[in-house]
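I have placed the structure first, in the form of structure tokens, so that the comments after it can refer back to it.
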Amino acid sequence: MARHSIRKFISVVLFQCLVSWVCRHSSQAEDLITRRRHHHVYLFFPNGSTWNDNRKKCLNMSADLVSLETEDEWKFITNELQNMTNRFQDEWHVGLQRRGEVSSKAWFWLTGVRLNYDHWQPYQPSGDGRCVNIAREYLKSTGGFNDLACLGWYSPRGFICEMDTHRDRAKNGPVYTEKWINIGGYKIQNLTNHQKFPNRPDETYYVKSFHITNENVPDYGIRMRSYFLAPMTGNFTFNTACDDACMLFLSDGINPKNERRILYQDVAAGINDYKEKYKSEPQFLEEGKLYFMKILFKQGWGIELMDIAIELPNGVTEAPMSPDHLRRDVTSIDLPGKDCVKVGDPLYPDYKNCIDFTQKDKLDGVKMVLKELQSNIANTSNQSTPKILKNTMQTAARKITFLLDENVNTEKSEETSDEGLLVSREVENLGKMVAEKISNKDEPIVMEYPSIVMQIKKLNEDFVFPNNILEVPFPSNDEITIKRSKSDSVNYLVFSSLYKNLDDLIRENITTIDGSQEGKYFLNSRIISSSLVPRPAHMDRDAVRLRLDHKRYKTSKDQVMVCAFWKYNTSSENATGSWSTVGCRISRKESNENYTVCHCDHLTHFAVLMKVTVDDKDKPMSRSHIVALEAITYVGCSLSLIGEVLTIVTLTCLRLARTETNTIHLNLVTALGLAQIIFLSGIGATANRGVCKFVAIALHFFNLVAFCWMLVEGLWLYVMVVRVFDTGYNRIRRYVIAAWSIPAVIVVVTLVSSFDGYGTKNSCWLSVEKGTIWSFVVPVLVIVLVNAIILALVVREILKLYNPTPADETKLQSVRSGIKSATVLLPILGIAWVFGILAVNTETIVFQYLFAIFNSLQGFMIFIFHCVLNSEVRKAFRRKKQIWTDSHLFQCHSASPPPKYESEITSKETRSTSNGMEKRPPSSSSTSRIFLR
14 MARHSIRKFI SVVLFQCLVS WVCRHSSQAE DLITRRRHHH VYLFFPNGST
64 WNDNRKKCLN MSADLVSLET EDEWKFITNE LQNMTNRFQD EWHVGLQRRG
114 EVSSKAWFWL TGVRLNYDHW QPYQPSGDGR CVNIAREYLK STGGFNDLAC
164 LGWYSPRGFI CEMDTHRDRA KNGPVYTEKW INIGGYKIQN LTNHQKFPNR
214 PDETYYVKSF HITNENVPDY GIRMRSYFLA PMTGNFTFNT ACDDACMLFL
264 SDGINPKNER RILYQDVAAG INDYKEKYKS EPQFLEEGKL YFMKILFKQG
314 WGIELMDIAI ELPNGVTEAP MSPDHLRRDV TSIDLPGKDC VKVGDPLYPD
364 YKNCIDFTQK DKLDGVKMVL KELQSNIANT SNQSTPKILK NTMQTAARKI
414 TFLLDENVNT EKSEETSDEG LLVSREVENL GKMVAEKISN KDEPIVMEYP
464 SIVMQIKKLN EDFVFPNNIL EVPFPSNDEI TIKRSKSDSV NYLVFSSLYK
514 NLDDLIRENI TTIDGSQEGK YFLNSRIISS SLVPRPAHMD RDAVRLRLDH
564 KRYKTSKDQV MVCAFWKYNT SSENATGSWS TVGCRISRKE SNENYTVCHC
614 DHLTHFAVLM KVTVDDKDKP MSRSHIVALE AITYVGCSLS LIGEVLTIVT
664 LTCLRLARTE TNTIHLNLVT ALGLAQIIFL SGIGATANRG VCKFVAIALH
714 FFNLVAFCWM LVEGLWLYVM VVRVFDTGYN RIRRYVIAAW SIPAVIVVVT
764 LVSSFDGYGT KNSCWLSVEK GTIWSFVVPV LVIVLVNAII LALVVREILK
814 LYNPTPADET KLQSVRSGIK SATVLLPILG IAWVFGILAV NTETIVFQYL
864 FAIFNSLQGF MIFIFHCVLN SEVRKAFRRK KQIWTDSHLF QCHSASPPPK
914 YESEITSKET RSTSNGMEKR PPSSSSTSRI FLR
């Protein structure tokens with residue numbers, strides 16, 4: 014009972030508010046008679062003018078001439094008219110009009126509903142006019158209709174306006190509205206501080222836009238929410254006109270959690286009274302992106318209204334804001350990623366913990382949107398409004414930009430397939446459907462977006478796409494020219510599209526053309542397409558001319574260009590297809606190394622393919638060689654890692670790490686070991702981009718460190734053997750600092766200049782295509798060259814120490830000693846990288862095997878040559894063994910070396926000269942002995 018009483022009270026107040034509002038907005042208020050039925054209010058004006066003028070008066074009051082769609086409503090109005098009079102023989106204009114010729118089915122109410130009952134006056138309709146009035150009684154007909162002219166001095170009548178207090182409500186509207194009633198006050202805080210806000214609204218419904226007027230209920234509050242779709246990129250400003258108060262919020266995306274208040278109007282304003290004071294700061298928004306929008310509104314007593322105005326980045330102002338910018342829901346590709354966790358309000362949740370979209374996800378999402386747009390166009394009238402058609406093409410262009418805009422990398426994605434061409438086919442299907450609906454065929458539709466250019470234009474004799482009038486948003490000289498057949502008189506529309514980088518989503522390595530698998534092809538241009546509406550029966554030879562720039566490869570004797578198009582297998586949704594050259598030929602005369610000109614006799618999706626013609630020596634390595642080299646690499650690196658660990662343990666446990674030479678050896682094997690551990694565990698971790706980049710950076714650094722220590726090894730040998738003088742640990746300290754810091758500088762500079770060059774689709778190493786590999790190759794080549802020179806000098810000096818006689822047998826021993834010396838030095842100087850330089854093609858496969866063997870076994874050979882075969886290491890090991898035998902306990906970290914061993918080292922590090930005592934590197938003599946034995 015209490016709720017019924019409240020509703021009755023509200024109904025009375027609503028009626029009083031409506032009368033008050035109309036009285037303030039109508040010049041005929043003194044004669045106004047009002048009646049209410051359900052949520053409709055009827056305004057009877059006895060003094061009127063022509064039908065057209067009377068309707069304008071209704072529209073100015075946010076109403077319209079009454080539409081009596083049902084017989085029950087007709088009865089209600091007829092009964093009310095029995096108690097009313099006017100000076101026009103008690104006749105009143107109503108919202109009924111004739112469409113077309115006079116017939117019983119030609120009469121429609123202004124709401125679009127056809128008249129479905131017969132209450133015409135006798136002998137009516139007579140064909141006197143297209144508009145209708147209703148009479149209280151005429152020729153014994155109560156509430157009968159009569160047709161008359163919409164204009165003219167003889168047609169003035171009273172009129173009945175109808176106002177739907179729920180007129181803005183729409184089941185499929187984009188704005189979700191919640192209403193709280195019986196909340197006093199005029200401030201937003203009266204709403205937000207109420208105990209029922211925000212979780213217990215009294216009423217919820219959807220409306221068409223952010224608009225409130227004539228709710229006719231005092232003391233209520235409203236919250237309206239929707240998503241705003243930015244129609245362009247730039248700064249937007251918002252303004253409100255509210256009575257009594259409103260507060261506007263905008264998020265930085267679809268998540269309501271990130272909303273921020275952008276304006277607050279706390280002083281009542283009139284209709285379209287957008288004050289500068291209540292204008293928001295500029296809000297930078299990106300075209301095609303959805304933004305959560307919310308407004309709070311508070312009504313006290315009296316007039317209520319709320320509208321939002323918007324100023325677009327191009328300076329155009331919409332007052333009020335068009336509902337075309339609002340969206341009720343988000344689609345899958347509007348989300349930050351996939352598999353998001355929804356938190357908060359189920360209708361407008363926050364999306365968290367999203368996984369980045371894969372290329373397949375984006376492709377599927379865009380195809381879904383394009384299919385939906387096609388369905389919407391199919392359900393529109395045959396001659397749709399230009400605005401609807403243009404909005405459809407804009408939506409398609411935005412979604413294509415979403416798909417392609419982030420794929421500007423020159424390096425192909427692992428996810429590339431032929432499905433990108435399925436998206437382009439859906440774009441073409443949509444474009445042709447829109448072309449069929451265009452009423453004004455002389456006015457083109459053009460869409461220019463960062464990743465796509467689309468155009469629907471009438472085919473003339475000199476058709477070129479894109480022509481000089483279009484502002485293509487990306488550098489391109491690509492174009493398609495269509496010659497119209499002189500014998501064909503059909504009025505064609507041409508739908509054309511040019512994609513910035515759709516080719517990045519299409520399989521680049523092509524092995525089949527026209528069903529043949531002869532040769533190897535690569536996609537070498539952008540994708541451009543055109544189609545005619547309606548489809549022509551035939552086209553002349555060379556009716557289509559294409560000019561396409563080469564994106565990746567220039568024409569050469571080994572790289573021949575081919576004009577091709579994508580031939581779809583079937584018309585089914587999931588059909589793919591293959592490349593074909595049938596009906597197309599290249600114009601060698603018009604083409605050059607940078608672009609290709611093609612002539613074709615049909616329209617579709619075109620591109621230029623590059624065919625590789627190579628000699629046998631340039632053919633790719635066979636699979637058997639690849640498997641063998643990989644096996645050598647992994648086995649060798651494993652052995653090398655074992656050797657490096659044994660080297661570190663040997664030099665440390667035998668307390669030989671205190672000498673300069675062994676300090677250098679320890680740093681070298683440490684850097685090599687770390688590089689090989691990272692190589693074995695992470696070189697193939699391409700699935701995770703972050704991990705792959707880390708692996709590539711670490712490999713770059715530790716390999717450069719290893720080569721720097723190889724250079725130190727060479728310089729140290731030069732100092733020991735060629736230029737014998739005191740060295741000491743001061744020089745070693747400088748070597749340590751340089752060998753670890755210089756690679757760090759190189760890596761940091763490379764990271765800053767070419768961050769994307771770390772990690773490729775095939776391995777976690779440096780990119781060849783981006784040129785990042787040179788930050789490793791150049792230092793390595795320099796070090797190998799320097800060490801090769803040092804090796805030659807050291808071997809020559811060691812041979813001098815042997816001091817051979819002229820005898821042939823002694824000369825042979827000298828040659829053997831030189832070879833042995835070079836072999837021992839190769840692992841620590843990195844000279845084996847020369848084999849990598851010589852391995853340039855399949856004819857030099859032997860060098861690839863030598864390169865793989867020597868470099869993967871580098872650590873193992875260091876252990877063999879510089880630990881196992883080193884006389885001082887063997888002597889130290891025998892001493893340790895003797896101590897262990899004597900004490901039955903082998904202590905790796907004893908407090909000090911045995912006195913005898915200590916004296917031996919000291920005696921070897923000290924030489925007597927004529928100038929006094931001079932320190933000589935301890936390993937110089939032992940190194941000579943190793944080489945010459």
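Take the numbering used here: the last position of the sequence shown gets the number 946, and nothing is skipped along the way.
Where a beta carbon is used, it is the ideal one built from N, C-alpha and C, also for glycine.
Collapsed DSSP secondary structure at His713 in the structure displayed: The residue labelled residue 713 in the question sits at position 700 within the sequence shown. Here His713 sits in helix by DSSP.
Beta-carbon gap between Trp722 and Ala684 smaller than 7 Å: The residue labelled residue 722 in the question sits at position 709 within the sequence shown. The residue labelled residue 684 in the question sits at position 671 within the sequence shown. Going by C-beta atoms, Trp722 is nearer than 7 Å to Ala684.
N-terminal and C-terminal residue of the beta strand (DSSP E) that Val188 is part of: Here residue 188 corresponds to residue number 175 of the sequence shown, with the count starting at 1. Segment 188-194, the beta strand (DSSP E) holding Val188.
Burial state of Lys400 (16 or more Cβ within 10 Å): For the purposes of this step, residue 400 is taken as the residue at position 387 of the sequence shown. Under this definition Lys400 is an exposed residue.
Own chain, CB closer than 7 Å to Val682, minus 5 neighbours either side, in chain order: What you label residue 682 is simply residue 669 of the sequence shown in a count that begins at 1. Here the set comprises Glu657, Thr660, Ile661, Gly872, Ile875.
contact_flag[the segment 267-274, the segment 322-338] where n(CB pairs < 8 Å) is 3 or more: no
Sub-7 Å separation of Thr63 and Ser168 beta-carbons: Here the question's residue 63 lines up with position 50 in the sequence shown. Here the question's residue 168 lines up with position 155 in the sequence shown. It is a contact, given that the beta carbons lie within the stated cut-off.
Short Cβ contact (7 Å threshold) for Leu318 with Thr226: Within the sequence shown, the letter at position 305 stands for residue 318. Within the sequence shown, the letter at position 213 stands for residue 226. For Leu318 and Thr226, yes; Cβs fall inside 7 Å.
Lys921 versus Thr672 - alpha carbon distance: For the purposes of this step, residue 921 is identified with residue 908 of the sequence shown, where counting begins at 1. For the purposes of this step, residue 672 is identified with residue 659 of the sequence shown, where counting begins at 1. In this prediction, Lys921 has a pLDDT of 39, which is less than 50 and means its spatial position is unreliable; what the coordinates show is noted afterwards. Going from the Cα of Lys921 to the Cα of Thr672 covers about 12 Å.
Per DSSP, cross-strand counterpart(s) of Trp592: Here residue 592 corresponds to residue number 579 of the sequence shown, with the count starting at 1. Per the DSSP secondary-structure output, Trp592 pairs in a beta bridge with Ile526, Trp579.
In DSSP terms, what Ile46 is bridged to: Start at 1 with the first residue of the sequence shown, and residue 46 comes out as number 33. In the DSSP output, where bridge partners are listed per residue, Ile46 has Phe57.
Paired residues, beta bridge with Arg598 - DSSP: What you label residue 598 is simply residue 585 of the sequence shown in a count that begins at 1. Answer is His612.
Contact test: Leu511 Cβ vs the ligand NAP heavy atom, cutoff 6 Å: Among the ligands in the structure shown, none appear at all, so the ligand NAP cannot be discussed.
Other residues of its chain near Tyr291: CB distance less than 7 Å, five sequence neighbours each side excluded: Against the sequence shown, residue 291 aligns to sequence position 278. Within the same chain, Tyr291 has close Cβ partners Asn252, Thr253, Leu276, Gln278.
Arg68 and Arg111 closer than 7 Å at C-beta: Position 55 of the sequence shown, counting from 1, holds the residue named residue 68. Position 98 of the sequence shown, counting from 1, holds the residue named residue 111. No.
Local conformation of Arg236 per DSSP, three classes: Within the sequence shown, residue 236 is the residue found at index 223, counting from 1. It is a strand residue.
Integer Cβ distance of Ser593 from Ala577, believed to fall under 8 Å: As a first step, residue 593 is located in the sequence shown; it is residue number 580 there, counting from the start. As a first step, residue 577 is located in the sequence shown; it is residue number 564 there, counting from the start. Confirmed, about 6 Å.
Separation of Thr250 from Gly328, as counted between CA atoms: Against the sequence shown, residue 328 aligns to sequence position 315. Against the sequence shown, residue 250 aligns to sequence position 237. One C-alpha to the other measures close to 10 Å.
Lys380: first and last residue of the uninterrupted alpha helix (DSSP H) it sits in: Within the sequence shown, numbered from 1, the residue matching residue 380 stands at position 367. From DSSP, the alpha helix (DSSP H) with Lys380 extends over 372-391.
Extent of the continuous alpha helix (DSSP H) to which Met874 belongs: Taking the sequence shown and counting its residues from 1, one reaches residue 874 at position 861. Counting along the chain, the alpha helix (DSSP H) containing Met874 begins and ends at 871-876.
Ser538 vs Leu559 beta-carbon contact at 7 Å: For the purposes of this step, residue 538 is taken as residue 525 along the sequence shown, with counting starting at 1. For the purposes of this step, residue 559 is taken as residue 546 along the sequence shown, with counting starting at 1. Cβ atoms of Ser538 and Leu559: not closer than 7 Å.
Three or more C-beta pairs below 8 Å linking the segment 374-389 and the segment 436-447: yes
Nearest to Val859 (by Cα), restricted to the options Gly378, Thr524, Leu642, Asn129: As a working mapping, residue 859 is identified with position 846 in the sequence shown. When each option's Cα is compared against that of Val859, the closest is Leu642.
Three or more C-beta pairs below 8 Å linking the segment 398-417 and the segment 539-558: The answer is no - the segment 539-558 does not touch the segment 398-417, with fewer than three Cβ pairs under 8 Å.
Segment contact, 8 Å Cβ cut-off, at least three pairs: the segment 495-510 with the segment 460-476: yes
Status (buried if at least 16 other CB within 10 Å, exposed otherwise) for Gly784: Along the sequence shown, read from residue 1 onward, the residue named residue 784 stands at position 771. With fewer than 16 other Cβ atoms within 10 Å, it is exposed.
Option in Lys288, Ile284, Phe241 with minimal Cα separation from Asp265: Here residue 265 refers to the residue found at position 252 when the sequence shown is read from its first residue. When each option's Cα is compared against that of Asp265, the closest is Phe241.
Alpha carbon of Leu376 to alpha carbon of Thr524, nearest angstrom: For the purposes of this step, residue 376 is taken as the residue at position 363 of the sequence shown. For the purposes of this step, residue 524 is taken as the residue at position 511 of the sequence shown. Distance between the alpha carbons of Leu376 and Thr524 is about 24 Å.
One or two residues paired with Arg985 in a DSSP bridge: The structure shown has nothing for residue 985, since the chain only spans 14 to 946.
Chain-order list of residues whose beta-carbon lies under 8 Å from that of Leu483 (same chain, five-residue window excluded): By one-based count along the sequence shown, residue 483 stands at place 470. If we look at Leu483 and ignore the five residues flanking it on each side, its Cβ neighbours are Val459, Glu461, Val466, Gln468.
Alpha-carbon to alpha-carbon, Val708 and Trp877: As a working note, residue 877 is residue 864 in the sequence shown. As a working note, residue 708 is residue 695 in the sequence shown. Before going further, note that residue 877 is Ile rather than Trp in the sequence given. In this structure, the alpha-carbon of Ile877 lies about 29 Å from that of Val708.
Ile541 vs Leu511 beta-carbon contact at 7 Å: Within the sequence shown, residue 541 is the residue found at index 528, counting from 1. Within the sequence shown, residue 511 is the residue found at index 498, counting from 1. The answer is yes: Cβ separation under 7 Å.
Continuous alpha helix (DSSP H) stretch holding Gly784: start and end: On the sequence shown, position 771 is the one that residue 784 refers to. Taken as a continuous stretch (DSSP letters only), Gly784 belongs to no alpha helix (DSSP H), as it is neither H nor E.
Top-ranked residue by Cα proximity to Ile321, from Ala162, Cys255, Gly695: For this step, residue 321 is matched to residue 308 along the sequence shown. Answer by Cα proximity: Cys255.
Limits of the alpha helix (DSSP H) - the one that Val447 falls within: If you number the sequence shown from 1, residue 447 lands on position 434. Unbroken alpha helix (DSSP H) run through Val447: 433-450.
Residue environment, Val595, which counts as buried when at least 16 other CB atoms sit within 10 Å: Here residue 595 refers to the residue found at position 582 when the sequence shown is read from its first residue. Exposed, since its Cβ has fewer than 16 Cβ neighbours within 10 Å.
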